[in-house]
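Asker: Residue numbering for the sequence shown is 1 to 907, as defined by full-length UniProt numbering. Positions of the beta carbon are idealized from the N, C-alpha and C atoms, including for glycine.
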Amino acid sequence: MPAAAPIISSVQKLVLYETRARYFLVGSNQAETKYRVLKIDRTESKDLVVIDDRHVYTQQEVRELLGRLDLGNRTKIGQKGSSGLLRAVSAFGIVGFVRFLEGYYIVLITKRRKMADIGGHAVYKIEDTNMIYIPNESVRVSHPDEARYLRIFQNVDLSSNFYFSYSYDLSHSLQYNLTVLRMPLDVLKAETTRTRQECFDIFEDEGLATQDGNCVFGICSEPYRKYVWNGKLLDVVKTAVHRDWLLYVIHGFCGQSKLLIYGRPVYVTLIARRSSKFAGTRFLKRGANCEGDVANEVETEQILYDASVMSFSAGSYSSYVQVRGSVPLYWSQDISTMMPKPPITLDQADPFAHVAALHFDQMLQRFGSPIIILNLVKEREKRKHERILSEELVAAVTYLNQFLPPEHAIVYIPWDMAKYTKSKLCNVLDRLNVIAENVVKKTGFFVNRPDSFCNILRPDEKWNELGGYVVPSGRLQTGVLRTNCVDCLDRTNTAQFMVGKCALAYQLYSLGLIDKPNLLFDTDAVRLFEELYEDHGDTLSLQYGGSQLVHRVKTYRKIAPWTQHSKDIMQTLSRYYSNAFSDADRQDSINLFLGVFQPEEGKSHLWELPTDFYLHQKDTMNLLQTRRSYTFWWTPGVLKYLPLPFDEVTCAENQRKLIVKRFHKFDDEIDIQNDFFRPYELSSFDDIFCLAMTNSMRDFMPKNVPIDPSPFTVRKPDETGKSVLGNKSNRGEETVLQRKTAASAPPPPSEEAVSSSSEDDSGTDKEDEGATSQRSTPVKISDTGDNTKITENVVQPTKDVYGINLSESPSEDDLSIYTRFVQLGQSQQKQEKSSQTFSPKNLGGVINLTPISAFSQDNIYEVQPPKVDRKSIEIFHAHIQASKGIMQPLGKDDIFLYREYIRNRYL
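1. Taking contact to mean 3 or more Cβ pairs, one atom from each stretch, closer than 8 Å, check whether the stretch 59-71 and the stretch 691-711 are in contact.
2. Roughly how many angstroms separate the alpha carbons of L489 and L532, rounded to a whole number?
3. Are the stretch 15-24 and the stretch 33-40 touching, with three or more C-beta to C-beta distances below 8 Å?
4. For V394 versus I410, is the C-beta distance shorter than 8 Å?
5. Between the Cα of Y267 and the Cα atoms of V553, L504, L615 and D334, which residue gives the shortest distance?
6. Roughly how many angstroms lie between the CA atoms of R899 and G444, to the nearest whole one?
7. With burial defined as no fewer than 16 other Cβ atoms inside 10 Å of the residue's Cβ, what is the status of N136: buried or exposed?
8. Would you mind giving the Cβ-Cβ distance between D306 and W633, rounded to the nearest angstrom? I have them listed as a contact below 8 Å.
9. If we count the other Cβ atoms within 10 Å of its Cβ and call it buried at 16 or more, is Q496 buried or exposed?
10. Buried or exposed, going by whether 16 or more other CB atoms sit within 10 Å of the CB of Y556?
11. So the alpha helix (DSSP H) Q496 belongs to, where does it begin and stop?
12. Considering only residues of the same chain and omitting the five flanking positions on each side of T193, which have a CB-CB separation below 7 Å?
13. Determine, for A353, whether the minimum Cβ-Cβ distance to residues of chain C falls below 8 Å.
14. Tell me the residue span of the beta strand (DSSP E) that contains D117.
15. Have a look at the DSSP bridge pairing and note the partners of Y168.
16. Please return the same chain residues whose Cβ sits closer than 8 Å to the Cβ of S827, not counting the five positions on each side in sequence.
17. With a floor of 3 residues, list each beta strand (DSSP E) that falls wholly inside the stretch 359-398, ordered by position along the chain.
18. Output yes or no for whether 8 Å exceeds the beta carbon distance between N448 and L178.
19. Could you compute how far the alpha carbon of D612 sits from the alpha carbon of E18?
20. Take Y544 and list the residues in its own chain whose beta-carbon comes closer than 6 Å to its own, dropping the five residues that flank it on each side.
21. Could you give the C-beta distance for C220 and I514, rounded to a whole number, given that I count them as a contact under 8 Å?
22. Decide if residue 915 is buried, meaning its Cβ has at least 16 other Cβ atoms within 10 Å, or exposed.
23. Within its chain, find whatever has a CB closer than 6 Å to the CB of M697; leave out the 5 residues flanking it on each side and keep chain order.
24. Say whether the stretch 354-369 touches the stretch 634-646, bearing in mind that this needs 3 or more beta-carbon pairs closer than 8 Å, one atom from each stretch.
25. Between the Cα of V107 and those of Q60, L71 and L158, spot the shortest distance and give me the residue it belongs to.
26. When you compare only the Cα positions, how much space is there between F838 and H877?
27. Which residues in the same chain have their Cβ closer than 8 Å to the Cβ of S473, if we skip the five residues on either side of it in sequence?
28. Under 8 Å between the Cβ atoms of V98 and L233?
29. May I have the straight-line CA-CA distance separating P351 from Q598, to the nearest angstrom?
30. Helix, strand or coil for M701 per DSSP?
31. Grab the span of the beta strand (DSSP E) containing C254 for me, first residue to last.
32. Between the Cα of E127 and those of V327, G93 and H121, spot the shortest distance and give me the residue it belongs to.
33. Using 10 angstroms around the beta-carbon of G218, count the other beta-carbons present and answer buried if the total reaches 16, otherwise exposed.
34. Among A349, N155, F253 and E681, which has the Cα closest to the Cα of F593?
35. State buried or exposed for F896, treating a residue as buried only when at least 16 other CB atoms are found within 10 Å of its CB.
36. What does a CB cutoff of less than 8 Å around K238 pick up in its chain, not counting 5 residues either side in sequence?
What follows is the structure, encoded as structure tokens:
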């Protein structure tokens, strides 16, 4: 039974028109075949009046409507003031509505840039926004503090690491989007409860398809509010407008790189979702609040998929999720007297681990079990500092575990990373690799395909020990790793990289791309993945700590150059300066943007508050009517489904979060192919294909040397930072290009962000083509035309690359043809005419091309197609079925032939 399709928002392009009395926001889909109109009243000084008729207009109907509005709002000729309908601004989405002490503002996305592609679903980064005051100047009541609140709000730079998507839910993981949101239709049709029936009847006025043969169910869900940053800005209109107007934005990091495996494109995507609960800056937000939300909580997901198949149903996708966050206790650091390491204090006594219980209850609901804690806080100190947190965390975990079933207990792994880093006898990354192997084996990972046949023929002992949850369609990740140090920045990012590297090996193995679930350092694949994680760590560190990472993976590998130490000092100073002088203003901006503080007349202003403690600790203002149990500290129903996460199981509570709508199978709102390729408009390769994406072959593989093009071949770096191939250090070498990911790359020339770098891009393409031709022709040809030298250069690389010797020397004709080919490839001058070169007279004897047509009759008036035999038709139908995920069973002859191939090739 086919699965439901994700719903694509039909509001992707917006135009704001204004009159003196109203704003008219016209939204359309990409193809501009469906339109919606939002009417915003401008005559109210403080209230927001938004009217959505929920009608779907055609292009002609919208033109007639705007024409009538323009005609009805025109004033007399010569009279001052605006006349008719004015076009104010074009946009790509609504961030939300906000009010301070005067009227409401509307925040629109005016520039966007495509950052990643997940199965045809585009992920965009906000490049620029526009904040427009809604009430007309004639009804505006000015307030002296309005401008200051506006400056504080705009201090949150929306063009810095805010992301959205029209069709892919960024607040949920890929596992959620491919399991809960890809339910089989028989499951959807079987739901006959009142809640499910209400979901089906929500859109009855929008023209449902009546023919069952052409009916497809679209499905979407409510976002996970913890990772939505504009939730408060949209709450004011959430019930008044259609769902397509609501565009949810996440904050964090998004980067994507292309891993080429012998020409097969595999996209590696890294998405970090920063929590909007208890959010803030480094020293001002520590520990947890009364609701179990911790500071600097970030969910990092690495997604791997085969980009040659762009389909959630037929493609191969895999993901792994891990979390970082502050120690879930009531603790803080006093920064009244600023110093590099302020003392750590426990703010409240919590003998029953109430706040830790709330935090781990959230994790059990979202990730299932086991919850694994990797605590990198120092344990041995001359004076107690970080050790205070370790002792309290151990006590909290020990208390909570005595009430959980043993098979679902919280796993606690303490490891003093700072101590082992100073030791000369211990390799930090080797120890982290051991921890990573144990973690990934317990949690497993997500993959939407059953185990490959090659994994059955060549089993690996580690594969049989892998945890998680095995289903007929693949594997599910159950549980999660939670990593923390004191700041959750440098040490945490390196530990997460090592766990991600281990998980990446299992992901590649599960998709049949490598023969063993193991990846080595100094390979193109690992260096590409390391660069992604360093950009990820730098971005999160800037958002929370005010500077980039101080200690990187190379620092812990002890291969960082001496110049890195000076950079580390500068980053430390930058972090100290930010914490001392700018963090307080940034914290006020975050509190205002997220709606933690809402200005009111007669209420203390934000800048007058001595602390924001009471804004985040809500139980200090209101006495709780009910208190959670000290022993049964989890949400009822969670243990019933463990190790599966409660949020992903099929139950009535989760079904209320789903919205199901019936479409025609060719409708724009579910046709991802049509939305991605845009056949209705003139587009370019720069818009559709990510040419600026980091590429393993172009950006990491050394050039000008005869090498193995596999991205899993070890290329040892030398002291100068250059890359050579394994033990063949005497060959040519070249500095490895350290190109940043798409997160820091310049925007490609497109409709979203017009750039003047098109000439530079074309120049880069030419350089890449030249580099490719040089890599493909490494043999040197002497100018003397000595065939003996040519033969030696031809035979030796063949032996190195293929491991065989030619049985006999090439003929003179073959050598002459190859000489000519090499000269053309290297753009050299013609050799002097000799007995071995060719002239135009005898060229026809070498290349003899005879045009052959497969059509018996082929002209401008009539074409007679060739006859296709039955076997070819069967092969074609099998290929079509395979693209839909329906594989043909293998016959005995096929299995026997495949086993013989494996035995001869690998055994």
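Answerer: So, from the listed chains and residues:
1. Not touching, per the Cβ criterion.
2. Cα to Cα, the separation comes out at about 15 Å.
3. They touch, by the three-pair rule.
4. For V394 and I410, no; Cβs fall outside 8 Å.
5. Comparing Cα positions, the closest option is L504.
6. Rounded to the nearest angstrom, the two C-alpha atoms are 29 Å apart.
7. Flag for N136 reads buried.
8. Their Cβ separation, rounded to whole angstroms, is 42 Å, which puts D306 and W633 out of contact at 8 Å.
9. Around the C-beta of Q496, 16 or more other C-beta atoms lie within 10 Å, and the residue is accordingly described as buried.
10. By the neighbour-count definition (other C-beta atoms within 10 Å, threshold 16), Y556 is a buried residue.
11. Residues D490 to S510.
12. Low confidence applies to T193: its pLDDT is 40, below 50, so where it sits in the model is not reliable, and the reading given next is rough at best. Annotation for T193: A652 place their beta carbon closer than 7 Å to its own, counting only its chain and skipping 5 residues before and after.
13. Protein chain content of the structure displayed is limited to a single chain, and chain C is not contained in it.
14. Here the beta strand (DSSP E) through D117 covers Y104 to I118.
15. Looking at the DSSP assignment, Y168 forms no beta bridge with any residue, so it has no partner.
16. With a pLDDT of 46 at S827, under the threshold of 50, the modelled position of this residue cannot be trusted; read the value that follows with caution. Excluding its 5 nearest sequence neighbours in each direction, S827 has no C-beta neighbour in its own chain below 8 Å.
17. If we require 3 residues or more, the beta strand (DSSP E) runs fully inside the stretch 359-398 come out as 371-375.
18. Closer than 8 Å, so yes.
19. Within the model, the alpha-carbon separation for D612 versus E18 is close to 39 Å.
20. Excluding sequence neighbours, Y544 sits near R282 and N296.
21. 35 Å between Cβ atoms; not a contact.
22. Outside the displayed range of the chain (1 to 907) lies residue 915, so it cannot be described from this structure.
23. Only L260 meet the Cβ criterion.
24. They touch, by the three-pair rule.
25. Among Q60, L71 and L158, the Cα nearest to that of V107 belongs to L158.
26. With a pLDDT of only 46 at F838, under the threshold of 50, the placement of this residue in the model should not be trusted; the figure read from the coordinates follows. F838 and H877: Cα-Cα distance of roughly 48 Å.
27. Excluding residues within five positions, the ones whose Cβ falls inside 8 Å are N448, R449 and P450.
28. A contact, by the Cβ cut-off of 8 Å.
29. When rounded, the distance between both Cα atoms is 34 Å.
30. Secondary structure of M701 (DSSP, three-state): coil.
31. Looking at the DSSP string, the run of the beta strand (DSSP E) that includes C254 is I250 to I261.
32. Looking at the Cα atoms, G93 is the closest of the given residues.
33. Classification of G218: buried, given that the 10 Å Cβ count is 16 or more.
34. Here the closest residue by C-alpha is N155.
35. Burial call: exposed.
36. If we look at K238 and ignore the five residues flanking it on each side, its Cβ neighbours are L246.
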